[in-house]
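Remarks on the structure that follows.
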Amino acid sequence: MLNVSNLTRSYGSFVAVDDVSFTIKKGEIIGLLGHNGAGKTTIMKMISGYLEANAGEVSLNGISLKSQTKLLQQQLGYLPENLPVYPEMTVAEYLDYAADLKGMKANVKIAEIKRAIQATDLSAKLLAPIETLSRGYKQRVGVAQAILGRPKLLILDEPTNGLDPEQTQHMRALIKEIAKDATVILSTHIMQEVNALCDRVLILKSGRLVLNEKLAALQHSLHITVKTDYKN
Ligand code: ATP
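Going by the UniProt record's numbering, the residue at position 119 of the sequence shown is 119; the numbering climbs one at a time, nothing skipped.
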């Protein structure tokens, strides 16, 4: 479904993402892992069309996404690390604005906003200015705007970052629900999150992809390592 080939991005002489290639099948939940500064956000921004790559290509179902603004709007949802919003906007105003940014036609807009509100359980907060919401609710607003229009690919940058345990559980359940209809790439620092959600793990180190493995295979090899250590 998604094909990332030889993606590279530098800032001056510093190479933030270095020749990264991977493919993702329809319906997979992919965990993108790595230390702070490993290049996760940079890759997600390039896939989402928010940042231009210096080299390489991203294609969705065989179509290159370069300069495909409309295709990106229709097929891809993105939860950035920080929501680029006007904090005084209410939740309802923001979702309306986000739907307009996606070029949604008036006849589908209302239904789509309602669906996103229901999925993220935001109906009690519609008239609340975003700046008054807790971090957990802000993340829900971010997810709500990302799923407007039922994108086939969802990119979630640290979706549980800063959430308390209850909010984290809610967000993970929400991601699982969303993933029934969409392919998901999420970045995280938390192994528990990977265990709870992901089918496949990509690990980045200093901008390079150092591991691309199914979670089951990874768990299997880690288990063997633990057993060996125990015997010794
Ligand atoms: P985190 O987990 O902290 O969000 P990350 O893995 O998402 O980290 P990126 O945000 O992709 O990492 O950053 C990768 C590297 O590129 C870092 O060293 C960062 O300082 C650098 N970088 C990112 N954006 C810029 C920029 N606009 N100008 C210069 N360097 C940048």
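Beta carbons are placed, not taken as given, at the ideal position from N, Cα and C, and that holds for glycine.
In this text the structure is predicted, and so the values were computed from the model without any measurement.
What three-state label does DSSP hand residue i in the structure shown?
{"i": "P151", "result": "coil"}
{"i": "G142", "result": "helix"}
{"i": "N36", "result": "coil"}
{"i": "L7", "result": "strand"}
{"i": "N107", "result": "helix"}
{"i": "S187", "result": "strand"}
{"i": "K125", "result": "helix"}
{"i": "E88", "result": "coil"}
{"i": "K180", "result": "coil"}
{"i": "L2", "result": "strand"}
{"i": "E166", "result": "helix"}
{"i": "N212", "result": "strand"}
{"i": "D100", "result": "helix"}
{"i": "L174", "result": "helix"}
{"i": "V20", "result": "strand"}
{"i": "L156", "result": "strand"}
{"i": "L133", "result": "coil"}
List the whole-angstrom C-beta distance separating residue i from residue j, where the pair is believed to meet the contact cut-off of C-beta under 8 Å.
{"i": "T120", "j": "R140", "result": "4 Å"}
{"i": "A55", "j": "N6", "result": "6 Å"}
{"i": "I113", "j": "A99", "result": "6 Å"}
{"i": "Y78", "j": "S48", "result": "4 Å"}
{"i": "V184", "j": "L154", "result": "5 Å"}
{"i": "I175", "j": "P159", "result": "6 Å"}
{"i": "A182", "j": "K214", "result": "That belief does not hold up - the Cβ atoms of A182 and K214 are roughly 19 Å apart, past 8 Å."}
{"i": "V194", "j": "L2", "result": "Not quite, the Cβ-Cβ distance comes to about 19 Å (not below 8 Å), so this is no contact."}
Just to confirm my understanding: we take residue i, look at its own chain, exclude 5 residues before and 5 after, and list those with CB closer than 6 Å. What are they?
{"i": "P80", "result": "D157"}
{"i": "G207", "result": "V15, A16, V17, D18 and G39"}
{"i": "S123", "result": "I117"}
{"i": "K109", "result": "A99"}
Excluding the 5 residues flanking residue i on each side, which residues of the same chain have their C-beta closer than 7 Å to its C-beta?
{"i": "Y230", "result": "Only weak support is given to the placement of Y230: the predicted model assigns it a pLDDT of 48, under 50, and the value that follows is read from those uncertain coordinates. So no residue of the chain qualifies."}
{"i": "S10", "result": "A16 and N54"}
{"i": "Y137", "result": "K125"}
{"i": "Q68", "result": "none"}
{"i": "L135", "result": "Checking the sequence shown, residue 135 turns out to be Arg, not Leu. G162 and L163, listed in sequence order."}
Given residue i, which residues of its chain have a CB within under 8 Å of its CB, disregarding the five upstream and five downstream residues?
{"i": "Y50", "result": "Y78 and P80"}
{"i": "residue 275", "result": "Look at the range of the chain in this structure, 1 to 232, and you will see that residue 275 is not part of it."}
{"i": "T8", "result": "V15, V17, D18, D19, V20, A53, N54, A55 and G56"}
If you measure from the CB of residue i, is any heavy atom of the ligand PLP nearer than 7 Å?
{"i": "K102", "result": "The ligand PLP is absent from the structure shown, which contains only the ligand ATP."}
Between the region 25 to 33 and the region 195 to 214, can you find at least three pairs of beta-carbon atoms closer than 8 Å?
yes
With a floor of 3 residues, list each beta strand (DSSP E) that falls wholly inside the region 22 to 84, ordered by position along the chain.
Correct list: 29 to 33, 55 to 60 and 76 to 79.
Pair every Cβ in the region 204 to 224 with every Cβ in the region 55 to 74, then say whether three or more of these pairs are closer than 8 Å.
no
Taking one C-beta from the region 89 to 104 and one from the region 123 to 132 each time, how about it: are there three or more such pairs within less than 8 Å?
yes
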